[in-house]
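Q:
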Amino acid sequence: MSRAGVRWSRLALLAATVLVLVPFAWMVSISFTPEEQAFSSVSLLPAEPTLVNYVEAVTDANLGRAMLNSLVVTAVPVLTNCVAAVAAGYAFALLPFRGSTALFYLLLSTAAIPTSVTLIPLFLMAKGFPLAGGNDLAGYGGTGLLDSLPGLMLPHLVMTMNIFLARQYFSTANAELAEAARVDGAGEWRIFRSIYLPLSRPIVAVIAIFTFTGVWDDFLWPLVITQSPEVQTVQLALAQFLASGTVRYGTLMAGAVLATLPVLVIFLANQRHFVSGLADGSVKG
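With the working numbering applied, the sequence shown covers 3 to 287.
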């Protein structure tokens with residue numbers, strides 16, 4: 003690429019960066035601005051910074067409890083996807099069996115189903131979960147997993163796209179390593195655990211970030227199955243500021259900043275592996 007092309011590319015990236023960062027900077031600025039001064043100035047630096055909005059966000063909407071619920075609801079799917087989805091991707095890529103390709107594409111096709119279409123089946127599955135919420139072994143008599151933290155986790159325990167990402171990553175791996183290990187008498191589980199799993203840190207980081215972000219930001223499923231304030235997630239807590247009739251923008255922005263921090267921490271902690279996973283072909287078709 004010529005110098006002019008490089009220069010224009012950098013300008014385009016700079017413009018895109020500004021478009022992304024300016025709304026975030028505005029959100030942070032409003033969160034430290036007194037409510038009566040929220041829209042009195044276009045400056046990104048508050049004239050009289052205050053922490054009142056953060057105190058009200060935590061106390062008025064019970065945001066602390068909601069964030070703790072979201073952390074619990076998010077941590078379990080991150081763990082199950084990093085284990086089950088990676089193992090499934092490894093099996094589809096390096097342990098082919100008769101019909102595995104057809105099964106993989108059948109599984110992948112489910113990712114094209116809109117979330118709204120699956121809401122009713124998922125709701126019925128959660129309500130009829132055996133031996134939960136007063137249900138008997140057949141899934142009748144109680145509420146199942148409705149209005150509970152396990153019910154919030156249910157649709158996210160193993161995600162189709164994570165299996166796809168893991169399969170694409172392992173399809174580029176060196177299969178000769180497994181053959182050499184089999185000659186030495188290693189079993190399939192030991193081959194996966196001792197050889198390929200340590201090499202899969204980049205794709206594990208990608209899956210962890212995608213899963214954390216997807217579950218943390220989910221609003222529709224918690225809205226459908228929860229009623230009690232004790233099990234509401236952070237997204238439902240933030241929605242209370244919009245449902246009260248009078249929107250307190252300073253408090254809302256403070257809550258949004260607090261809700262964004264865990265996602266930023268997870269990304270920054272896994273950034274190196276995340277970039278490596280993308281570069282090594284984890285999203286190749």
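Backbone N, C-alpha and C fix where the C-beta goes; we use that ideal spot for every residue, glycine too.
In angstroms, rounded to a whole number, what distance separates the CA positions of Leu109 and Ala182?
A: 31 Å
Q: Using the rule of at least 16 other Cβ atoms within 10 Å of the residue's Cβ for burial, across every protein chain shown, is Tyr107 buried or exposed?
A: exposed
Q: Gly101 lies in the alpha helix (DSSP H); which residues open and close that run?
A: Per DSSP, Gly101 belongs to no alpha helix (DSSP H) and is neither H nor E.
Q: Going by DSSP in three states, Ile1 sits in which element: helix, strand or coil?
A: Residue 1 falls outside the range modelled here, since the chain spans only 3 to 287, and no answer is possible.
Q: Determine the DSSP secondary structure at Ile115, reduced to helix, strand or coil.
A: Coil at Ile115, not helix or strand.
Q: Helix or strand or just coil, what does DSSP make of Gln237?
A: helix
Q: With a 10 Å radius around its C-beta and 16 neighbouring C-beta atoms as the bar for buried, classify Gln170 as buried or exposed.
A: buried
Q: Give me the Cα-Cα distance between Ile165 and Ala90, rounded to the nearest whole angstrom.
A: 6 Å
Q: Drop a sphere of 10 angstroms on the beta-carbon of Trp218, count the other beta-carbons inside from all chains shown, and report buried for 16 or more, exposed for fewer.
A: buried
Q: Buried or exposed: Thr76, going by 16 or more other Cβ atoms within 10 Å of its Cβ?
A: buried
Q: Nearest-angstrom Cα distance between Val22 and Ala177?
A: So the alpha carbons of these two residues sit roughly 41 Å apart.
Q: What are the boundary residues of the alpha helix (DSSP H) that includes Tyr171?
A: Thr162 to Phe172 is the span of the alpha helix (DSSP H), which, as asked, contains Tyr171.
Q: Count the other CB atoms, across all protein chains shown, that sit within 10 Å of the CB of Glu58; report buried if there are 16 or more and exposed otherwise.
A: buried
Q: Thinking C-beta only, is Ala86 closer than 8 Å to Val160?
A: yes
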